[in-house]
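S.K.: What follows is a single structure, and I will ask about it in a moment.
2 protein chains.
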Amino acid sequence: MLAFDRQEYLDRIENVKLRMMQFGLDVLIVSDPANMNYLTGYDGWSFYTPQAVVVALAQDEPLCVVRGIDLNGAKVTTFLEEANLIGYPDDYVQSKRKHPMDFLAEVLEARGLGRGNIGLEMDSYYFTAASAEALYQQLRSATFKNAHTLVNWIRVIKSPAELEYMRQAARILENVMTVAIDAVEPGVRQCDAVAKILAAQASGTADFGGDYTSIVPMLPTGIGTSTPHLTWSDKPFVKGEATILELAGCRRRYHCPQARTVFLGKPPQKLVDAAKVVVEGLNTVINVAAPGLTCEEVEGMWRAVISKAGIKKDSRMGYSVGLNYPPDWGEHTISLRPGDKTVLQPDMTIHLMPGIWEDDWGIEISECIHLTENGAVPLANTPRELIVKD
Amino acid sequence: MLAFDRQEYLDRIENVKLRMMQFGLDVLIVSDPANMNYLTGYDGWSFYTPQAVVVALAQDEPLCVVRGIDLNGAKVTTFLEEANLIGYPDDYVQSKRKHPMDFLAEVLEARGLGRGNIGLEMDSYYFTAASAEALYQQLRSATFKNAHTLVNWIRVIKSPAELEYMRQAARILENVMTVAIDAVEPGVRQCDAVAKILAAQASGTADFGGDYTSIVPMLPTGIGTSTPHLTWSDKPFVKGEATILELAGCRRRYHCPQARTVFLGKPPQKLVDAAKVVVEGLNTVINVAAPGLTCEEVEGMWRAVISKAGIKKDSRMGYSVGLNYPPDWGEHTISLRPGDKTVLQPDMTIHLMPGIWEDDWGIEISECIHLTENGAVPLANTPRELIVKD
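Protein chains in written order, with my numbering: chain C, 9 to 398; chain A, 9 to 398.
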């Protein structure tokens with residue numbers, strides 16, 4: 009059931025421990041489900057109750073602490089010894105009197121890990137303000153530090169096995185996008201197009217199945233294209249309107265996202281012009297992005313192309329992607345925007361997302377790339393253009 | 009686009025303000041996406057960046073503060089005046105130097121709302137420890153209080169319009185469960201069964217479409233049935249094994265969940281016996297649950313039935329459901345378990361979830377009920393039994 013060799017997990021844990029030493033951490037409490045999976049293999053839709061993987065310099069293996077009913081899930085999906093899998097009683101769940109992080113604190117105390125410098129992923133979705141308060145209250149002799157995205161930054165460089173999953177996700181995505189473009193037709197209900205998209209995402213290919221994507225299909229249509237994060241309704245698609253498709257393929261929790269814009273009928277000239285500029289900017293970035301450049305340098309190349317055409321975009325034009333759980337497939341590390349001085353390195357995977365959202369219209373044509381020593385290689389092979397169905 | 013009349017939103021906001029007065033709060037920062045939707049209509053997959061609805065006693069309308077690129081989404085989906093919709097610049101997103109909650113603090117200061125008693129949803133998924141820290145740092149003259157699940161507790165009682173969405177969700181669910189039971193066959197890949205389930209969830213019925221569910225289809229199979237939260241793989245279903253289907257229909261973000269267990273072949277006697285007990289316990293609860301009883305009293309009736317049969321269950325046997333976003337369709341209020349002394353009231357909607365998970369097998373047969381003045385009415389009409397496909 010493990011997605012990777014045991015040794016790959018051990019290497020990742022070693023990398024985390026090295027960073028922990030650099031940051032002066034004795035213990036790291038990992039709450040981000042993608043980071044938990046990355047370090048142990050743990051995989052389940054259980055992140056809706058508090059849980060954590062604990063990495064300690066003093067321990068070879070991490071601990072995995074989950075709700076009691078998820079303990080068998082940890083046995084099935086992780087490589088950890090059973091002694092390191094711990095379930096908390098169900099009366100900790102959504103209780104006013106006690107918090108699952110109180111239980112975690114007890115576990116840490118019992119193993120001598122409740123003191124020293126403890127790192128917390130302070131801005132991880134499922135590490136709430138109450139989770140932090142509980143730990144502060146229970147572990148009075150510990151010193152807490154914000155570990156930020158320590159593990160996420162290790163995830164930024166993909167291993168060969170991870171890249172293989174990314175390529176499989178790209179194969180799934182190619183099917184998904186083809187299905188989606190076919191499905192968007194005047195008179196078809198948005199929800200019925202989504203039904204086909206979701207089915208293609210799950211079925212994957214004949215060789216390997218698809219996994220759930222961390223973001224559901226986005227398909228803003230009509231005036232909805234002026235904003236990126238609207239989901240579907242049961243209204244039909246309308247001739248004379250654009251629909252943005254932002255979709256992904258997912259394989260063993262690895263994502264290959266992509267956006268395309270479909271116009272039903274004859275598109276207005278401003279959309280045709282915008283598409284031309286967006287594709288030119290995107291192609292420029294794909295052609296020149298290379299290890300050694302910084303994120304802001306790459307963004308600058310994109311900005312130069314669109315500025316010439318009089319288009320302004322304030323939001324970032326790309327971010328690191330890979331292993332993830334809802335609500336986001338982005339890794340919260342690299343952003344292609346001014347001020348991000350991260351130097352690009354081989355085996356990063358980046359979603360180049362040059363979306364333009366104006367007052368009452370918008371366009372997205374995006375590409376997910378694998379950065380190799382020789383430059384950017386798009387993972388999926390979908391025509392890079394405004395799709396016109398007239 | 010609004011799911012409810014403007015007046016219904018205004019009534020909800022009034023209810024929140026009454027509770028705020030009881031709790032001594034001047035301002036409430038609402039981060040839970042379901043609560044944001046409940047109070048304003050806001051609907052978008054944008055909760056992966058920090059955002060909030062702010063209710064202040066001193067203001068008629070709430071504020072809705074989202075990422076800049078989601079501002080048009082707020083215009084399209086909420087009933088609020090444009091002056092109360094505020095977007096933050098994109099360089100706040102996943103930045104090491106500043107946090108979106110810094111921006112929110114500035115907005116509050118500018119409107120004179122940055123002081124007094126400010127309530128925070130301390131254990132809401134998307135209100136991270138870092139979000140709280142940012143507010144503490146920026147608003148030094150405010151007194152922060154944990155507002156817990158103040159808005160969630162108002163959501164517990166459903167309005168007639170909400171109940172109508174719940175019933176529509178139940179119609180969708182009935183289709184979904186039928187499709188799912190059909191799809192689970194020896195040799196069929198799990199991912200291909202899920203493809204059909206997801207398609208049925210999105211398509212809904214001919215009269216109304218389905219929405220994405222807050223939890224993806226759960227279908228632990230074989231030894232996986234010993235734990236509830238495993239998702240699918242691309243392995244085929246196997247004759248001689250059980251599969252648990254925990255699925256929902258969703259309509260305008262309102263959920264009707266249900267679980268059934270399917271056995272391929274001739275089921276072992278222990279599964280047949282367990283099913284009989286679970287169904288008997290479930291039927292008992294459906295027959296006797298009524299306004300005026302407490303949650304723990306209802307759970308006790310279930311416990312009495314299964315104890316006679318020698319089955320023990322430590323996890324709660326039900327919880328409140330309705331409007332929600334990933335990762336959970338539960339409302340984090342009522343739990344049917346010992347110690348929960350909440351008195352049941354008319355128009356609560358509760359997922360009775362008597363799952364049994366043993367060392368290497370498990371069973372789930374669940375039902376979502378509408379509690380009326382005359383007792384419990386199951387929302388969906390699916391045969392309540394172990395499904396045997398021999």
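Don't be surprised by glycine CBs; every beta carbon is placed ideally from N, CA and C.
Nothing here was measured: the structure is a model prediction, and the numbers come from that model.
Whole angstroms is fine: what's the gap from residue 152 of chain C's alpha carbon to residue 292 of chain C's?
M.R.: Distance between the alpha carbons of residue 152 of chain C and residue 292 of chain C: 44 angstroms.
S.K.: Which of the three DSSP states is assigned to residue 43 of chain C in this structure?
M.R.: It is helical.
S.K.: Restricting to runs no shorter than 4 residues, where is the alpha helix (DSSP H) found entirely within the region 79-132 of chain C?
M.R.: The region 79-132 of chain C contains these whole alpha helix (DSSP H) runs: 79-85 and 108-118.
S.K.: Which value, in whole angstroms, describes the spacing of the CA atoms of residue 148 of chain A and residue 122 of chain A?
M.R.: Cα to Cα, residue 148 of chain A sits roughly 9 angstroms from residue 122 of chain A.
S.K.: Please return the same chain residues whose Cβ sits closer than 8 angstroms to the Cβ of residue 111 of chain A, not counting the five positions on each side in sequence.
M.R.: Only 73, 96, 97 and 100 meet the Cβ criterion.
S.K.: Give a yes or no on whether 8 angstroms exceeds the smallest Cβ distance from residue 179 of chain A to chain C.
M.R.: No, no contact with chain C.
S.K.: With DSSP as the reference, label residue 265 of chain A as helix, strand or coil.
M.R.: Residue state, collapsed to three classes: strand.
S.K.: On the DSSP bridge assignment, give the partners of residue 76 of chain A in chain order.
M.R.: Residue 76 of chain A pairs with nothing; no bridge assigned.
S.K.: What does residue 220 of chain C reach in chain A if we use C-beta pairs closer than 9 angstroms?
M.R.: 202, 206, 224, 225, 239 and 240, listed in chain order.
S.K.: Tell me, please, whether the CB atom of residue 37 of chain A is closer than 8 angstroms to any CB atom in chain C?
M.R.: Chain C, which has no Cβ nearer than 8 angstroms to the Cβ of residue 37 of chain A, makes this no.
S.K.: Would you mind giving the Cβ-Cβ distance between residue 57 of chain C and residue 84 of chain A, rounded to the nearest angstrom? I have them listed as a contact below 8 angstroms.
M.R.: Actually they are not in contact, since the Cβ atoms of residue 57 of chain C and residue 84 of chain A sit about 33 angstroms apart, beyond 8 angstroms.
S.K.: Could you pull out every residue in the same chain whose Cβ sits closer than 6 angstroms to the Cβ of residue 135 of chain C, ignoring the five residues on either side in sequence?
M.R.: Closer than 6 angstroms at the Cβ level, and outside the excluded window around residue 135 of chain C, lie 39 and 129.
S.K.: Compare the Cα-Cα distances from residue 45 of chain A to each of A/64, A/20, A/227 and A/27 and report the closest residue.
M.R.: Measuring from the Cα of residue 45 of chain A, the nearest candidate turns out to be A/20.
S.K.: Can you name, in chain order, every residue of its own chain whose Cβ lies under 6 angstroms from the Cβ of residue 154 of chain C, other than the five neighbours on each side?
M.R.: These residues qualify, in order along the chain: 130.
S.K.: Hey, which unbroken runs of the alpha helix (DSSP H) at 4 residues or more fall wholly within the region 312-347 of chain A?
M.R.: You should have found no qualifying run.
S.K.: Short of 6 angstroms in beta carbon distance, which residues of its chain neighbour residue 71 of chain A, apart from the five on each side in sequence? Order them along the chain.
M.R.: Result list for residue 71 of chain A: 62 and 92, in chain order.
S.K.: Interface residues of chain A around residue 130 of chain C at Cβ under 8 angstroms?
M.R.: Those within 8 angstroms of residue 130 of chain C in chain A are 136, 137, 138 and 141.
S.K.: Short of 9 angstroms Cβ to Cβ, which residues in the region 100-114 of chain C face chain A?
M.R.: The residues in question are 101, 102, 103, 104, 105 and 107.
S.K.: Answer with buried or exposed for residue 109 of chain A, where buried requires no fewer than 16 other C-beta atoms within 10 angstroms of its C-beta.
M.R.: Residue 109 of chain A should be labelled buried.
S.K.: Does the CB of residue 148 of chain C have a neighbour CB from chain A at under 8 angstroms?
M.R.: No, its Cβ sits nowhere closer than 8 angstroms to a Cβ of chain A.
S.K.: Hey, how far is the Cα of residue 321 of chain C from the Cα of residue 327 of chain C?
M.R.: Taking the straight line joining both Cα atoms gives about 15 angstroms.
S.K.: Leaving out five residues on either side along the sequence, give the residues of the same chain with a beta carbon under 8 angstroms from the beta carbon of residue 304 of chain A.
M.R.: Once the five neighbours on either side are set aside, the close Cβ partners of residue 304 of chain A are 344, 345, 346, 347, 348 and 349.
S.K.: Please classify residue 266 of chain C: is it buried, with 16 or more other beta-carbons within 10 angstroms of its beta-carbon, or exposed?
M.R.: The residue in question, residue 266 of chain C, is buried, as its Cβ has 16 or more Cβ neighbours within 10 Å.
S.K.: If we cut at 8 angstroms on Cβ distances, does residue 373 of chain A have a partner in chain C?
M.R.: Taking Cβ atoms only, chain C never reaches closer than 8 angstroms to residue 373 of chain A, which makes this a no.
S.K.: Kindly identify the DSSP beta-bridge partner or partners of residue 226 of chain A.
M.R.: BP columns for residue 226 of chain A point to A/254.
S.K.: In this structure, what does DSSP give as the bridge partners for residue 303 of chain C?
M.R.: DSSP output for residue 303 of chain C lists no bridge partner at all.
S.K.: Out of C/18, C/205, C/242 and C/283, which one is the CA nearest neighbour of residue 190 of chain C?
M.R.: Nearest C-alpha to residue 190 of chain C: C/205.
S.K.: Within the continuous beta strand (DSSP E) that includes residue 383 of chain A, where are the two ends?
M.R.: That run of the beta strand (DSSP E) goes 383-386.
S.K.: Run down chain C in chain order and give the residues with a C-beta less than 7 angstroms from the C-beta of residue 293 of chain A.
M.R.: None at all; the shortest Cβ gap to chain C is about 18 angstroms.
S.K.: Does any C-beta atom of chain A lie closer than 8 angstroms to the C-beta of residue 190 of chain C?
M.R.: Not an interface residue.
S.K.: Give the residues of chain A in contact with residue 315 of chain C, contact being defined as C-beta atoms less than 9 angstroms apart.
M.R.: Neighbours of residue 315 of chain C on chain A: none; closest Cβ ~17 angstroms, over 9 angstroms.
S.K.: Do you know how far the Cα of residue 371 of chain C is from the Cα of residue 365 of chain C?
M.R.: When rounded, the distance between both Cα atoms is 7 angstroms.
S.K.: Counting only Cβ-Cβ distances shorter than 8 angstroms, please list the residues of the region 152-173 of chain A near chain C, keeping chain order.
M.R.: If the cut-off is 8 angstroms between Cβ atoms, the region 152-173 of chain A has 154 and 156 near chain C.
S.K.: Do residue 387 of chain A and residue 373 of chain A count as a contact pair if the criterion is CB distance below 8 angstroms?
M.R.: Result no, Cβ atoms of residue 373 of chain A and residue 387 of chain A do not sit closer than 8 angstroms.
S.K.: Applying the 10 Å Cβ sphere with the 16-neighbour rule, what's the burial state of residue 29 of chain A?
M.R.: It is exposed - the Cβ of residue 29 of chain A has fewer than 16 other Cβ atoms within 10 Å.
S.K.: Can you give me, in chain order, the residues of the region 51-78 of chain A that have a beta carbon less than 8 angstroms from any beta carbon in chain C?
M.R.: So the list reads 51, 52, 53, 54, 55, 56, 76, 77 and 78, given in the order they occur along the chain.
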